[in-house]
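J.: If you're matching positions, the sequence shown starts at 5 in the working numbering and goes up one per residue.
Positions of the beta carbon are idealized from the N, C-alpha and C atoms, including for glycine.
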Amino acid sequence: MSEGKNFEMELWESIIIEEVWENTIEGVMYNIRTIGDIYVEETWDKLLIAKTLLKMPKEIRENVLEGALFVQVGVFFGLMSKEELTESEKMDVIAHEIAHFVLGDHMAEKRSDPYNEREAEDLIEKWGFKRGYVSYEQFEKGRKRRQ
């Protein structure tokens with residue numbers, strides 16, 4: 005085999021190895037960008053985020069890893085202490101917040117949309133996660149009055 009073909013083979017092998025690694029728990033954790041005031045639990049939180057991302061379609065995971073910054077503040081997910089949630093429930097919450105990012109709810113024109121919560125829950129259900137809300141009336145009714 006010529007030296008040029010050998011180089012091509014090595015290049016393709018390294019590309020394949022990198023792609024496989026990027027779809028492992030270690031690869032996803034390496035690519036998660038976080039900021040916040042939690043240092044002791046940062047690895048545990050990144051592990052939960054990585055496990056959540058690995059349950060999602062690859063193109064969603066890649067989009068999130070390229071464009072999202074995870075902000076960790078204190079020990080709370082929404083209104084509940086993290087200690088009150090099971091690992092599965094924590095992953096559902098993480099998936100819900102990722103769904104808001106994927107749906108573009110962080111964009112100015114979508115921030116006041118009263119159906120954001122319902123749409124995020126519909127999306128996480130498609131990804132195999134559980135809904136966090138039984139009723140969306142509190143979001144939709146309150147927003148309609150303010151508009």
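Tell me the rounded alpha-carbon separation between ARG37 and GLU144.
T.: Answer to the nearest angstrom: the Cα atoms are 32 Å apart.
J.: In the DSSP output, what is THR56 paired with across the bridge?
T.: Bridge partners of THR56: none, in fact.
J.: Start and end of the alpha helix (DSSP H) containing ILE29?
T.: Element bounds for ILE29: 29 to 35.
J.: For LYS114 and LEU57, what's the separation of their Cα atoms in angstroms?
T.: Going by the C-alpha atoms only, they are around 23 Å apart.
J.: Applying the criterion that 16 or more other CB atoms from any shown protein chain within 10 Å of the CB defines a buried residue, is ALA99 buried or exposed?
T.: Result: buried.
J.: Take GLU129 and list the residues in its own chain whose beta-carbon comes closer than 7 Å to its own, dropping the five residues that flank it on each side.
T.: For GLU129, where only same-chain residues beyond five positions count, the Cβ hits under 7 Å are ARG135.
J.: Below 8 Å on the Cβ atoms is my contact criterion, and I expect ALA103 with LEU127 to pass it. Report the Cβ-Cβ distance as a whole number of Å.
T.: That pair is a contact at about 4 Å.
J.: Excluding sequence positions up to five away, which residues of its chain have a Cβ less than 8 Å from the Cβ of GLY108?
T.: Correct list, in chain order: LYS114.
J.: Between LEU15, GLU101, TYR119, which lies nearest to VAL68 when the distance is taken from Cα to Cα?
T.: Checking every option, the nearest Cα to that of VAL68 belongs to GLU101.
J.: Taking the alpha-carbon positions, what's the ASN35 to VAL75 distance?
T.: Distance between the alpha carbons of ASN35 and VAL75 is about 15 Å.
J.: Just how far apart, CA to CA, sit THR90 and GLU125?
T.: So the alpha carbons of these two residues sit roughly 18 Å apart.
J.: With DSSP run on the structure shown, which of helix, strand or coil describes THR38?
T.: In this structure, THR38 counts as strand in the three-state DSSP scheme.
J.: Please name the residue or residues paired with PHE74 in a DSSP beta bridge.
T.: Looking at the DSSP assignment, PHE74 forms a beta bridge with THR38.
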